[in-house]
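Chains as they are written, first to last, in my numbering: chain A, 47 to 512; chain B, 45 to 467. Every residue, glycine too, gets a C-beta built ideally from N, C-alpha and C. From a predicted model like this one, the values you see are computed outputs, not experimental measurements. Heads up: the structure comes next, in structure tokens.
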């Protein structure tokens, strides 16, 4: 029996949903009126409305990318761009409406907050319904709120950084996000402050035919440290929903920012996200990017190493099952001397899924002592699945060292034999090999996420016949 | 291969194919950077006005002198632009080879006619972009070589294509059919004068259990624009070792595709790129595994200096049926100074899980430790640099068969020796 027959896909455990009880929802489709309505609902200042309208114009002008996953079947007129689930954001779980609370209870957010997290944001459709930050961290001057609150309360910071890392002209989906963004996170860490335990945001799509466009901006001042985690799920519908986020990170001199994502969208979500970070002198930015769910994902977290000594690291895990396409990877642009980067990608294709690594390493003209290493490993579980690797390397400097290696394989019979001859059944042996394959990345995740990811992989492998 | 019924004379059949390509050429647009393969070579930046359907000039009977003094060949063919081929045989077995020069038409036996036409039609099926169509719109500078089954040649077949000056469009096309169990080495040398517009094709069909070594080496004058489309078809148990080197000119863009379509076929691709001054060299290779049990390997090395730029795009593509594929791709680039640029894009597209595929790529400057090692032994820094460059490239040349190595090595090595390496 082939391995694929032994490893059927699990049921998507976050597939439940509650009736759509939004207090306000824009009409289907997108035009200027919808954008004005969103902006008016949020009571935004004029400059933000103008930015949205300008972005909408860009969105109309920009073409779809002519590469990557097939996303031509997205019908922009069939999507709801804004749905407000509650009137007011809450700071206590008790005040969150029951159905929303139950959703997040099932996902396990309040429990996690108690145990592991310094702050939590929970977004339901378009709006952040719950936000909290531990008091001692707030006292140090750390800001962790939704971007709407930031626009109201910290306009100087927002104006200074918003849209500077990813301008609305960057690509079609960044333009769309800039036009209709709603919710997300705003994080500001003052100079020298170390936020030792992670901040977390949780994104949940509940409505059908819905587009979630959260916007995240993280500013880490000189010498600070922050670890931000996001998780995502959605119910299973028969029609497609769209998730198109923009995440901007600024790591000032000596700062370190780590951004971890475990994306576990349901199989009808288009996940088209633009993520980019600027790292200044001696700063470090790390993206840990796990993509397990969604119908099609196109996501390439990137780091611009702007000043000497900056370091970028991207760890990417992709799992594609039936009808899924994960087009993921990473980009690092070396713009200054003595900069270094590492990209590690591990992908698994199963049941006809397509995993693609797409990445770029660029070393600008005259940059001294740039170093980069890219390693891509792919595992194809059955003979229906596909694995692609498209790394791009562009070097214009005589003092750069770039290395790239990639390999594609299946679960090796030798390894299976080794384990089974020691008394493991084939299922446990396969699970162990897959977990071993992902191990170097899983180690980089915070404990509870590592456990979650291991559990997800075990679920995928669970129903195997030994 | 198409099983065509041929009624007309071969030259008439080929003219039909020329006209078809010409019509398609007129309708076709130049490749644009929106196409992935052309993203880094924007034709809008180059003067493409010389790339038009050539006038139907009478072939000149002027025969250029053959420069080759040594007899290290089995057949030497000189094909100068707009002229008939000059052929010299130097090995008895070579007489069994059919050489067909469309600018010097003659009647062929039915079998050769069929093979010549198949080669031309195969090329038309593969080279569909505007430059490929242009190459096939006229066979004025083309040559067909039919190697019969079981023929083994000791010495190589050398085909020298030469453009006298940059006035006319140069279309050096070489079509080779290698029969079952044949063993040959074929060198295509493309010699372009200054400011030549060149669009050439190499189409090689390797029969069952054949053992074929090919090389395309070019000697290109400054300011030339050169496009070369290369296609190899490998049948069962065929072995191919292919080498190409590129340097000089303003732009050289080559595309090499290998279809491994017979079980147990084995293909090895080697390439050397040397880009200096304002040269842009854009090389694409495709290792296309269509059936099971095939092996392929590509090794490409590039050196860039001054404002030179090299682009290497490599792809290993494994089809669903191609289990037990064993495929490798390595690309090493040396960037000698700031401002020179090397792009490396090694890609994989894998649709079967029972495969061994991997690629590796490195880009760096000359290793300072190696320089220290040599300079501490009394060698000057400049000489040390040259020695390291030679060593870097000779690891590719060492993989080639002796005759191909001796023929092609000097072309780039001489350039490197002439150049000062400031490191």
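Residue i to residue j span [Cα, whole Å]
i: residue 326 of chain A; j: residue 355 of chain A; result: 8 Å
i: residue 485 of chain A; j: residue 457 of chain A; result: 15 Å
i: residue 184 of chain A; j: residue 240 of chain A; result: 12 Å
i: residue 237 of chain A; j: residue 189 of chain A; result: 12 Å
i: residue 284 of chain B; j: residue 143 of chain B; result: 21 Å
i: residue 211 of chain A; j: residue 207 of chain B; result: 52 Å
i: residue 177 of chain A; j: residue 271 of chain A; result: 21 Å
i: residue 66 of chain B; j: residue 386 of chain B; result: 35 Å
i: residue 54 of chain A; j: residue 428 of chain A; result: Because residue 54 of chain A carries a pLDDT of 40, less than 50, the predicted location of this residue cannot be relied on, and the following value inherits that uncertainty. Cα-Cα distance, rounded: 11 Å.
i: residue 262 of chain B; j: residue 299 of chain B; result: 14 Å
i: residue 317 of chain B; j: residue 375 of chain B; result: 11 Å
i: residue 83 of chain B; j: residue 104 of chain A; result: 23 Å
i: residue 169 of chain A; j: residue 208 of chain A; result: 20 Å
i: residue 500 of chain A; j: residue 488 of chain A; result: 8 Å
i: residue 151 of chain B; j: residue 54 of chain B; result: 7 Å
i: residue 137 of chain B; j: residue 203 of chain B; result: 17 Å
i: residue 336 of chain A; j: residue 234 of chain B; result: 50 Å
i: residue 205 of chain B; j: residue 124 of chain B; result: 6 Å
i: residue 418 of chain B; j: residue 385 of chain A; result: 29 Å
i: residue 157 of chain B; j: residue 212 of chain B; result: 29 Å
i: residue 460 of chain A; j: residue 369 of chain B; result: 18 Å
Per-residue DSSP class, three states only, for residue i
i: residue 380 of chain A; result: strand
i: residue 128 of chain A; result: coil
i: residue 134 of chain A; result: coil
i: residue 74 of chain A; result: strand
i: residue 307 of chain B; result: coil
i: residue 67 of chain B; result: helix
i: residue 52 of chain B; result: coil
i: residue 313 of chain B; result: strand
i: residue 265 of chain B; result: coil
i: residue 170 of chain B; result: helix
i: residue 324 of chain A; result: strand
i: residue 449 of chain B; result: helix
i: residue 302 of chain B; result: strand
i: residue 165 of chain A; result: strand
i: residue 43 of chain A; result: A question about residue 43 of chain A goes unanswered here, because the residues of chain A that appear run from 47 up to 512.
i: residue 342 of chain A; result: strand
i: residue 261 of chain A; result: strand
i: residue 92 of chain B; result: coil
i: residue 431 of chain A; result: coil
i: residue 373 of chain A; result: strand
Nonlocal neighbours in the same chain, by C-beta distance under 7 Å from residue i, ignoring five residues either side
i: residue 392 of chain B; result: 360, 401 and 403
i: residue 179 of chain B; result: 171, 215, 217, 243, 244, 245 and 273
6 Å CB neighbourhood of residue i in its chain, flanking five on each side removed
i: residue 483 of chain A; result: 425
i: residue 297 of chain B; result: 85, 271 and 326
i: residue 219 of chain A; result: 290 and 318
i: residue 421 of chain A; result: 390 and 451
Nonlocal neighbours in the same chain, by C-beta distance under 8 Å from residue i, ignoring five residues either side
i: residue 105 of chain B; result: Unreliable positioning characterises residue 105 of chain B in this predicted model, as indicated by a pLDDT of 46, which lies under 50. A coordinate reading is not provided.
i: residue 256 of chain A; result: 125, 126, 129, 171, 287 and 288
### Message
Taking 8 Å as the cut-off, does the stretch 407-420 of chain A touch the stretch 434-448 of chain A (at least 3 CB pairs, one atom from each stretch)?
### Response
yes
### Message
If contact is defined by three or more beta carbon pairs under 8 Å, each pair taking one atom from either stretch, is the stretch 390-399 of chain A in contact with the stretch 367-374 of chain A?
### Response
Counting Cβ pairs under 8 Å, three or more are found: they touch.
### Query
Are the stretch 468-487 of chain A and the stretch 410-426 of chain B touching, with three or more C-beta to C-beta distances below 8 Å?
no
### Query
Closer than 9 Å, Cβ to any Cβ of chain A: which residues of the stretch 382-404 of chain B, in chain order?
382, 383, 384, 385, 386, 387, 388, 389, 390, 391, 392, 393, 394, 395, 396, 397, 398, 399, 400, 401, 402, 403 and 404
### Message
What are the residues in the stretch 444-461 of chain A lying within 8 Å of chain B by C-beta distance?
### Response
444, 445, 446, 447, 448, 449, 450, 451, 452, 453, 454, 455 and 456
### Message
Contact between the stretch 147-158 of chain A and the stretch 226-237 of chain A is defined here as three or more beta-carbon pairs at a separation below 8 Å; is this criterion met?
### Response
no
### Query
What residues in the stretch 71-83 of chain B have a beta carbon less than 8 Å from any beta carbon of chain A?
78 and 80
### Message
Give me the subset of the stretch 419-436 of chain A whose CB atoms are less than 9 Å from a CB atom of chain B, sorted by chain position.
### Response
420, 422, 424, 425, 426, 427, 428, 429, 430, 431, 432, 433, 434, 435 and 436
### Query
Given a limit of 8 Å on CB to CB distance, which residues of the stretch 90-122 of chain A reach chain B?
112 and 113
### Message
Please list, in chain order, the residues of the stretch 354-382 of chain B that have any C-beta partner in chain A closer than 8 Å.
### Response
364, 367, 377, 379, 380, 381 and 382
### Query
Is the stretch 232-249 of chain B in contact with the stretch 262-269 of chain B, if contact means three or more CB pairs nearer than 8 Å?
yes
### Query
Do three or more CB pairs link the stretch 460-469 of chain A to the stretch 427-441 of chain A at distances below 8 Å?
Contact between the stretch 460-469 of chain A and the stretch 427-441 of chain A is absent, because fewer than three Cβ pairs lie under 8 Å.
#### Entry: Cβ contact check for the stretch 61-81 of chain B and the stretch 160-173 of chain B: 3 or more pairs under 8 Å
Yes, the stretch 61-81 of chain B is in contact with the stretch 160-173 of chain B.
### Message
Below 8 Å, how does it come out for the stretch 75-90 of chain B and the stretch 153-170 of chain B: are there three or more Cβ pairs, yes or no?
### Response
no
### Task
Using a Cβ-Cβ cut-off of less than 7 Å, give me the residues of the stretch 400-413 of chain A that come near chain B, in sequence order.
411 and 412
### Query
Would the stretch 105-122 of chain A and the stretch 65-72 of chain A be scored as touching if the rule is three or more Cβ pairs under 8 Å?
no
### Task
Report yes or no: do the stretch 329-348 of chain B and the stretch 376-385 of chain B share at least 3 C-beta pairs separated by less than 8 Å?
yes
### Query
For the stretch 316-340 of chain B, which residues have a CB atom closer than 7 Å to at least one CB atom of chain A, in sequence order?
none
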